[in-house]
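So the protein lines, in turn, are chains C, E, X, V, S and A.
Just so you know, the first sequence maps onto residues 25 to 103 in our numbering.
Just so you know, the second sequence maps onto residues 25 to 103 in our numbering.
Just so you know, the third sequence maps onto residues 25 to 103 in our numbering.
Just so you know, the fourth sequence maps onto residues 162 to 551 in our numbering.
Just so you know, the fifth sequence maps onto residues 162 to 551 in our numbering.
Just so you know, the sixth sequence maps onto residues 162 to 551 in our numbering.
Glycine residues also receive a C-beta, built at the ideal position from the N, C-alpha and C atoms.
Below is one structure, written out as structure tokens; comments come after it.
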Amino acid sequence: MDASLISQGLDLLLYGMGTVFTFLTLLVGLTALMSRSVMYFSKEEPIEAEMSSHKIHSTLVEKRIVKVIQAAIDQHRGS
Amino acid sequence: MDASLISQGLDLLLYGMGTVFTFLTLLVGLTALMSRSVMYFSKEEPIEAEMSSHKIHSTLVEKRIVKVIQAAIDQHRGS
Amino acid sequence: MDASLISQGLDLLLYGMGTVFTFLTLLVGLTALMSRSVMYFSKEEPIEAEMSSHKIHSTLVEKRIVKVIQAAIDQHRGS
Amino acid sequence: MENLISLWASSGLAQIALGQAVMMLVGFVLLYLAISRGFEPLLLVPIGFGTVLANIPGAGFDAAPVYDALGHLESPGGLLYYIYHAGIETGLFPLIIFMGVGAMTDFGPLLANPKTLLLGAAAQVGIFTTVLGAVAMSHFGILDFSIRDAASIGIIGGADGPTAIFVTSKLSPDLLGAIAVAAYSYMALVPIIQPPIMKALTTDAERQIAMVQLRPVSKAERIVFPLTLLVLVAMLLPDAAPLLGMFCFGNLMRECGVVNRLSDTTQNALINVVTIFLGLGVGSKMSAEKFLNPETMGILALGAVAFCIGTASGVLMAKLMNLLSKDKVNPLIGAAGVSAVPMAARVANKVGLEANPHNFLLMHAMGPNVAGVIGSAVAAGVMINLVSGM
Amino acid sequence: MENLISLWASSGLAQIALGQAVMMLVGFVLLYLAISRGFEPLLLVPIGFGTVLANIPGAGFDAAPVYDALGHLESPGGLLYYIYHAGIETGLFPLIIFMGVGAMTDFGPLLANPKTLLLGAAAQVGIFTTVLGAVAMSHFGILDFSIRDAASIGIIGGADGPTAIFVTSKLSPDLLGAIAVAAYSYMALVPIIQPPIMKALTTDAERQIAMVQLRPVSKAERIVFPLTLLVLVAMLLPDAAPLLGMFCFGNLMRECGVVNRLSDTTQNALINVVTIFLGLGVGSKMSAEKFLNPETMGILALGAVAFCIGTASGVLMAKLMNLLSKDKVNPLIGAAGVSAVPMAARVANKVGLEANPHNFLLMHAMGPNVAGVIGSAVAAGVMINLVSGM
Amino acid sequence: MENLISLWASSGLAQIALGQAVMMLVGFVLLYLAISRGFEPLLLVPIGFGTVLANIPGAGFDAAPVYDALGHLESPGGLLYYIYHAGIETGLFPLIIFMGVGAMTDFGPLLANPKTLLLGAAAQVGIFTTVLGAVAMSHFGILDFSIRDAASIGIIGGADGPTAIFVTSKLSPDLLGAIAVAAYSYMALVPIIQPPIMKALTTDAERQIAMVQLRPVSKAERIVFPLTLLVLVAMLLPDAAPLLGMFCFGNLMRECGVVNRLSDTTQNALINVVTIFLGLGVGSKMSAEKFLNPETMGILALGAVAFCIGTASGVLMAKLMNLLSKDKVNPLIGAAGVSAVPMAARVANKVGLEANPHNFLLMHAMGPNVAGVIGSAVAAGVMINLVSGM
Ligand code: NA
Ligand code: NA
Ligand code: NA
């Protein structure tokens, strides 16, 4: 029973790492393939920046800020 | 049984549309009545703008922004 | 049975208020003790202001605002 | 070696049935439509992903929990199982979404012109004629729909996702996947489905009708309206009270001005969380045996018909109103009565601008548009009431 | 024709009982008080609306789900049924609210002047004398309250909504509607109930007492305090540990400075969502048979008495402390010991300013104010402990 | 008098067992580590507090609800009971957290350099050698671990909290407290555990290797990647599909750009709420009989070993890759393969800067870092699959 415990552990090590490596190696290949296909099909330019709505939000905020500032500066200039 | 299915469908159409029209026609009347009573009882001026807290929030933000700008401009003027 | 209801009420009043006062009196003592120990162990300066993330957030926002303003003023000065 | 066989035996490749593969493909198509074509992405991204997850062989997303004789949990259920049974089977998720939609709805344009409620009523004709179409198909042996199925299919014509899900989960849960997908897909297709019908049924002169500017609406009216609607529902059609009650509650929170923090959370965190889980839960009903059958094709076809009839009825009702009243309405706004908020109102506006570039119908179309939400919730209530008694 | 009869028979008008109509009216009155009079709207809007929904005849908001013999769901329960049983019967919602309240509470003023804790203790006299009043009413045959009922009624005097709901749902769930409504209504009435009592029990000179500015409190003290309180509760009164434990947890998240994102969500999305559902769930207990009876009038009367006695005890305790100590406290801040955060502290400040326009008591009153929250949670714990053993 | 005895008898002081006192102390130590030492506070604050709450004698935080013969609730369960059974035993909370983590994960660096996935694979060696260590301890009679226990302990080496909780709650729920605490503690200790190993296994020249700047990654790639990963998981290892499926779902919501409001809520309100309750629920498993035994010491020791081996394997794998390929990678980024996002990547960056102050490795290390998340989820899947069949 105890020997079987050790052998179970060895099995886990063997099949576990085997699966992990197989899986991630396949994923490396698939990802490379995917990237190439995507680039082939879409001529879209790459985007490095964050795509999250955070950006959109802060852009909006900034636009408003800039507008407010413009108004303030105009007033300041006028005065 | 199948004929009854058709007749059930017809019943649904008849009573269903009847209810929908009755209900919404009553709602038209009630809404008009409600609006008139509300206007009669409250002499409050009508408000077209958004009432959501969004507005309140952005007003607060804008007040803060304006204050910051004022400070910045004052400093700028002073320097 | 009814008399027992009254006596249960009296018991609640007696033991209840007793517990509340005992508990909060102990808490007064423990709090004072705690404050003294904390002050003894930490030489940290006391902080009166809000510690909430609100502050942090608004500081960040303000920093951004100030930067934007600086840029605006620079541009304004340059023009 | 035994372990290798066990790993292989439990792999997806070894277990996958053709139906599952096709359904995963259906899921990816939904994701494609949502992401690349912009089809109601807030719902179709979760539904599409849920479809893929539910059809992964051996992943158990849809598995029921197993308890031993003493009631202890032996193996937990899958995520989608819990979502479906806690949120959709009980009706909780559609009701919470309706509360959120209420909190996002501005009844101002409707209050300024209440007779546009009738346009929202007319557009529900699509619902009931489609029911008739479904039972006719069954009668002629083309497809096999019960009266409960037919009622659920009809509600697609309401162009209101949560209403469709609420009714279907009560009347024919097995059709939930197909009906939800049809409802949201057609809502997304409103800009394609509606304009030809609108143009075919109106003259150029009608499309150019300019409407008078809407009167301002007071805060008090906005507060009293959801309560008025609630009382009317309570007195006349309690079966519509769950949907419309929560809708009115959300709207009251929005308008009353004293619980803004509750209203904000309802419109944001709460409705977003429930939308994600509602979509995933609907996806869990997208199994091959429930989706890949001729009935689904029938549902899709009938749903499209429902939309078309609803659109036409709204337009024709507007023309009828013009015959009977001096205040002319532009019949294009009748098409917005199907709901599909705010897409249908935008379509009315766009078609109107094509006829007269200075005639902005958007705000006028918002009235029938939100009336359509009320109309289809009323239709849902009467359907649940009558069908339950049949 | 049959269908028309069925529709009519299931309509609200055909089914409504007088009690339901009256309760719907009660719901609208609560909404009116919340929206137009500003009575604790965050709770009374959902409670009022929940009251209306729960009393719509035939809408089934409060219906239990029906299962067939095999355990499959035949018909789902109503929204309010699920909310009540999942969130209120289990005590989860009041506890989560307490966590949120903890995350919103600033113990700074209390830490700067810990002896104000005694004012928070004194104000709980209102709770226990009201218990005595309730059992006396029962003894003299005026109304019929058990000791469990009496304990729940007394806790109204704690001026703390979630505590009252937590205790009542454990001790006498049938009174939940009346007690929650009384608790929140009186909390809203603090600015009307308290000032006359405060003025009657203090001289003008006392009301003018200026208090020394509070010392600054270090971050470390703020972090250690909730843990100190937790240990004391754990050692002395575990029955108060659910409420105070969650309260301390929320406060620790607020003050520790390393989990701000958790603290923010607790203070916003989480507490808002739970507030909505707590209110609706309380509304579901507002049925005619449970609310429209003489006991409710007794509860309202006793609740008002509890508030008055609590206010008076706080003020008198402050005067007693002045007799025994050199550091004088302004007795007005004793009234803030009933909790009703932050309303009672503002009232103390306002009455103080009337006596001396340069004497700002707000921060000084925040100490007893938050002490009152602790005090009533302790009272709740001892009540649950003693009553369970009776 | 009787009442006084009852109060005393039910007080914590009268009831406390030594084990509970020690466990409360353990809870305070966790709070100290989280707050003062910055050990993964988002999880360890709730876990520590939950530990204290669960061990308050007589407070019943962990009590099961009691129903009478008719199924009515006689006494409700404790807060932690409900949290544990609804959210952790079912696996829901870890899965929702994984969805949130997915929505926060930027796969850009990984997509720019996909072979760093192999570093994420190599670091999982720590998991499986630790399993072997645990069964060896059992074999030699030092401690008593079943194969299920050993698998759960190994997963600590995955440096991924929700994965560890998900696996342990499925395989050996009794070890949940110890394993979760070990996992999060070691994740916090990454800056102390890893650098010596990294330096011992690399030459100064290797640490100075500069890597070419990462290519920009298109939006389309970012959208297709989670779907690619999902298909691979579905086909090869459905047991990993719950974790990786939800992870991919979150990431798709983030990247697809059309459901930003869902993605925002997932990254904020939703994950925060679930994190709080997950932590409290884990704390509920921190009872003396389950934590205060030699096995816990074994778990802590084995967990540390797992971390060290994982770090070493990652570094060695990077060196092996350099032998076989022209594009040299800095072996320091191999250490980031254990996950512990983003701490391990920062450590790699810091150690790299010590060797060459102009060589910024942070973005390069993010690739293996997120690969480590995938790697340990795959390891979790294969573990659940194999162990269930043993
Ligand atoms: Na509609
Ligand atoms: Na109180
Ligand atoms: Na990992």
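Following the DSSP letters along the chain, one finds L234 (chain A) inside the beta strand (DSSP E) bounded by residues L234 to S236. For G533 (chain A), the enclosing alpha helix (DSSP H) has its first and last residue at L523 to G550.
The beta carbon of V420 (chain V) falls within 7 Å of a beta carbon belonging to chain S, placing the residue at that interface. According to the DSSP secondary-structure assignment, V187 (chain S) is paired through a beta bridge with no residue. By the criterion of a C-beta distance shorter than 6 Å, A282 (chain V) is surrounded in its chain by G536, once the five residues flanking it on both sides are discounted.
Taking 9 Å as the upper bound on Cβ-Cβ separation, chain S lies near residues V394, A395, M396, L397, L398, P399, D400, A401, A402, P403, G406, M407, C409, F410, L413 and M414 of the stretch 394-414 of chain V. For V227 (chain S), DSSP records a beta bridge to S:S236. Contact check for G173 (chain A) and M396 (chain S): beta-carbon distance about 4 Å, within the 8 Å limit, so the pair qualifies. When the five nearest sequence neighbours on each side are left out, the beta carbons in the same chain lying within less than 8 Å of the beta carbon of S307 (chain A) are those of S299 and S333, in order along the chain. Put simply, the backbone Cα of G294 (chain A) is about 10 Å away from that of I314 (chain A). Three or more Cβ pairs closer than 8 Å define a contact, and the stretch 170-186 of chain S meets that threshold against the stretch 205-221 of chain S. Residue range D365 to R368 is occupied by the alpha helix (DSSP H) that includes E367 (chain A). For Q355 (chain S), the uninterrupted alpha helix (DSSP H) segment begins and ends at L337 to L362. CA-CA distance, E235 (chain A) to G221 (chain V), rounds to 35 Å. K487 (chain S) and S197 (chain A) have their C-alpha atoms some 38 Å from each other. For ligand 2, the residues with a Cβ under 6 Å from any of its heavy atoms are, in chain order, S:G319, S:A320, S:D321, S:V499, S:S500, S:G533, S:V534, S:G536 and S:S537. Identification of chain S residues near T436 (chain A) by a Cβ-Cβ cut-off of 7 Å yields L423, ordered along the chain. Under the three-pair Cβ rule at 8 Å, the stretch 498-517 of chain A does not count as touching the stretch 242-253 of chain A. Contacts with chain V at 7 Å (Cβ-Cβ) include F210 (chain S). Apart from the 5 residues on each side of it in sequence, A479 (chain V) sits with its Cβ closer than 7 Å to the Cβ of L280, V490, P492, I494 and G495 in its chain, given in chain order. At least one CB atom of chain V sits nearer than 7 Å to the CB of A430 (chain A).
Contact between the stretch 187-204 of chain S and the stretch 403-421 of chain S is absent, with fewer than three C-beta pairs closer than 8 Å. At least 7 Å separates the CB of I340 (chain V) from every CB of chain A.
Listed along chain S are N164, L165 and L168, each with a C-beta nearer than 7 Å to that of Y39 (chain E). For the pair S66 (chain C) and L204 (chain V), the Cα-to-Cα distance works out to about 26 Å. Three or more Cβ pairs drawn from the stretch 263-273 of chain S and the stretch 367-386 of chain S lie within less than 8 Å of each other, which places the two stretches in contact.
Linking Q355 (chain A) to P529 (chain S) through their CA atoms gives a straight-line distance of about 50 Å.
In this structure, the alpha-carbon of I470 (chain A) lies about 22 Å from that of L337 (chain A). In this structure, the straight-line span from the alpha carbon of E382 (chain V) to that of N274 (chain V) is close to 13 Å.
With its beta carbon less than 7 Å from one in chain X, A381 (chain S) belongs to the interface. Just measuring C-alpha positions, the residue of X:S28, X:T49 and X:L38 sitting nearest G287 (chain S) is X:L38. Fewer than three beta-carbon pairs drawn from the stretch 390-410 of chain A and the stretch 390-405 of chain S are found closer than 8 Å, and the two stretches are therefore not classed as touching.
Spanning the alpha carbons of F452 (chain A) and G188 (chain A) requires a straight line of approximately 12 Å. With fewer than 16 neighbouring CB atoms inside 10 Å of its own CB, E450 (chain V) falls in the exposed class. In this chain, the alpha helix (DSSP H) harbouring L253 (chain A) covers L253 to M265.
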